[in-house]
Amino acid sequence: MSTAARAAIVVDAAGAVEIRSYAVPEPGPGEFVLKLELCGVCGTDAHIYRGRLASVTFPALLGHEIVGTLAALGDGVTADHGGRPVAVGDRVGVFPALSCGRCHQCQVRRRPANCPDRRPSYGFKSPVTGPPHLTGGFAEYLHAANAGTVFYRTDLPPEVAVLQEPMSVALHGIERGSVGVGSTVVVQGVGAIGLMAVVAARAAGAHRVVAVGAPAARLELAAALGADATVSIHDLTGVTERRSAVFDALGAFGADCVIGASGSPEAFMEAIGLVADGGVLAELGNFTDRGTVPFNPFSDLLKRDITIAGVYGAGPDMLRRYHQALLILERGGWPYDRVVSHRVPLERVGEALAALGGGSPLDGREIVKLAIDPTA
Numbered sequence: 001m002s003t004a005a006r007a008a009i010v011v012d013a014a015g016a017v018e019i020r021s022y023a024v025p026e027p028g029p030g031e032f033v034l035k036l037e038l039c040g041v042c043g044t045d046a047h048i049y050r051g052r053l054a055s056v057t058f059p060a061l062l063g064h065e066i067v068g069t070l071a072a073l074g075d076g077v078t079a080d081h082g083g084r085p086v087a088v089g090d091r092v093g094v095f096p097a098l099s100c101g102r103c104h105q106c107q108v109r110r111r112p113a114n115c116p117d118r119r120p121s122y123g124f125k126s127p128v129t130g131p132p133h134l135t136g137g138f139a140e141y142l143h144a145a146n147a148g149t150v151f152y153r154t155d156l157p158p159e160v161a162v163l164q165e166p167m168s169v170a171l172h173g174i175e176r177g178s179v180g181v182g183s184t185v186v187v188q189g190v191g192a193i194g195l196m197a198v199v200a201a202r203a204a205g206a207h208r209v210v211a212v213g214a215p216a217a218r219l220e221l222a223a224a225l226g227a228d229a230t231v232s233i234h235d236l237t238g239v240t241e242r243r244s245a246v247f248d249a250l251g252a253f254g255a256d257c258v259i260g261a262s263g264s265p266e267a268f269m270e271a272i273g274l275v276a277d278g279g280v281l282a283e284l285g286n287f288t289d290r291g292t293v294p295f296n297p298f299s300d301l302l303k304r305d306i307t308i309a310g311v312y313g314a315g316p317d318m319l320r321r322y323h324q325a326l327l328i329l330e331r332g333g334w335p336y337d338r339v340v341s342h343r344v345p346l347e348r349v350g351e352a353l354a355a356l357g358g359g360s361p362l363d364g365r366e367i368v369k370l371a372i373d374p375t376a
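Heads up, the sequence shown stops at 376 in full-length UniProt numbering, and the numbers go up one at a time, no gaps.
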């Protein structure tokens, strides 16, 4: 393609973000080029920006919650992964990861993240020192250079379609937490994934859902997305009083499942105290290394007969969950269009990452969900 694309490159941990220009290549067989419409900013991006994920080195092009329109198709790219025909101009959501699907890790152990032939995920490939350069969503174009990249066509508006990736992670947490018809659920943390976990719990048949977190704007949206009650960590600053408020909202001494989407080790220990005896803590918030906490195997685990389930991204069957996420979003019924609170241009990527990582407002408003809009 005879065009160039701007990309926001993080030069170093917690350092400068530079706008650099790269040629947009012609896609090879099985590849495609996407013109970015929106890319969600995940809490993981904010942690990477601070150097908290050792596998990502700098300079780096981040962004893995990717939505755009097809700009060029390589040979063999005629349909999405649902079998629907695609053409240049169609809007698609792109799943960032790709494994071979055939090896022992993929087929037998169902651990695609451990696939020896796993390609670098979009938004995580680093350093950006050689081609392909356009491998993350904080850019004007994405070169889907992993032949066979999973993507789905959609007619959803980009501000809703961009929620497909966080919804797939939430669905993994709901499955690991064994949430079903009649379950009681606490969602701890109301960022984008926590908000999607509220929706996913409802879709799974949960009887009562309580959301815990801050700020007030996120809690209000959690209620609009299906939470029966909310508990503010700003209004109730002590662990004991928060636990009491959660139990009152549940009408029971603990939840069948707690979805840990807060992302701090201290919150993980608090979440254990919110699980009912015999229940499950599905922990997905501590995606990067934030440190350790004291843990008593007897009193925190065995005596209460609870299960602690680690939830790493969309997990095994990630492609199924990604498709299910799209189906839930396309069904509608909830105000998904309210989740993206800020759309910022490439020039403000560094500011956006710093604000999200520091829990600060942006443009005078609390952040619910940030998205990078390269056309802004």
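The beta carbon of each residue, even a glycine, is placed where N, CA and C say it ideally should be. Given the structure is predicted, the values throughout are model-derived calculations rather than measurements.
C-beta neighbour in chain D for residue i, strict 8 Å
i: V311; result: The structure shown contains no chain D; it is built from a single protein chain.
Paired residues, beta bridge with residue i - DSSP
i: F295; result: The partner list for F295 (beta bridge, DSSP) is empty, contrary to what the question assumes.
i: F151; result: V94
i: V275; result: A255
i: H143; result: V33
i: Y22; result: A5
i: A229; result: V210
i: T184; result: R208
i: I372; result: C39, V344
i: G136; result: Its beta-bridge partners do not exist; DSSP assigns none.
i: L70; result: L34
i: G310; result: E283
i: G63; result: Answer by DSSP bridge pairing: none, since G63 is not bridged.
i: G130; result: BP columns for G130 are empty, so no partner.
i: G260; result: Q188, E283
i: V10; result: V17, A60
i: L362; result: R365
i: residue 377; result: Look at the range of the chain in this structure, 1 to 376, and you will see that residue 377 is not part of it.
i: A79; result: P85
i: R119; result: L98
Beta-carbon spacing of residue i, residue j below 8 Å
i: A139; j: A8; result: yes
i: E26; j: C42; result: no
i: F32; j: L62; result: no
i: G285; j: G189; result: yes
i: D373; j: V339; result: no
i: E18; j: V11; result: yes
i: G89; j: T154; result: no
i: G254; j: L274; result: yes
i: W334; j: L163; result: no
i: I259; j: G359; result: no
i: A5; j: Y141; result: yes
i: V239; j: E270; result: yes
i: D289; j: R52; result: yes
i: A222; j: A211; result: yes
i: N146; j: R102; result: no
i: S341; j: R320; result: no
i: A200; j: V128; result: no
i: A14; j: F58; result: no
i: S232; j: A216; result: yes
i: V198; j: V187; result: yes
i: Y49; j: L353; result: yes
Outcome for residue i when other beta-carbon atoms lying within 10 angstroms are tallied against a minimum of 16
i: H234; result: exposed
i: P297; result: exposed
i: residue 425; result: Shown here, the chain extends from 1 to 376; a query on residue 425 therefore has no answer.
i: P116; result: exposed
i: residue 381; result: Look at the range of the chain in this structure, 1 to 376, and you will see that residue 381 is not part of it.
i: P158; result: buried
i: A16; result: exposed
i: S168; result: buried
i: K303; result: exposed
i: Q107; result: exposed
i: H104; result: exposed
i: A192; result: buried
i: E241; result: exposed
i: V181; result: exposed
i: L327; result: exposed
i: N114; result: exposed
i: F95; result: buried
i: E165; result: buried
i: G137; result: buried
i: G279; result: buried
i: S262; result: buried
i: P85; result: exposed
i: S126; result: buried
i: R91; result: buried
Whole-number beta carbon distance between residue j and residue i, since they are thought to touch under 8 Å
i: A206; j: V179; result: 6 Å
i: T230; j: R208; result: T230 to R208, Cβ: 12 Å. No contact.
i: G74; j: K35; result: Going by Cβ atoms, the distance from G74 to K35 rounds to 15 Å, so no, they are not a contact pair.
i: V150; j: L98; result: 7 Å
i: V160; j: L329; result: 6 Å
i: G291; j: G148; result: About 37 Å separates the two Cβ atoms, so there is no contact after all.
i: H323; j: Y152; result: 7 Å
| query | Quick check: the segment 77 to 93 against the segment 127 to 142, are there 3 or more CB pairs under 8 Å? | reply | no
- Using 8 Å as the Cβ pair cut-off and three pairs as the minimum, do the segment 167 to 178 and the segment 302 to 312 touch? yes
Would you call the segment 312 to 328 and the segment 347 to 355 in contact, with 3 or more CB pairs under 8 Å? no
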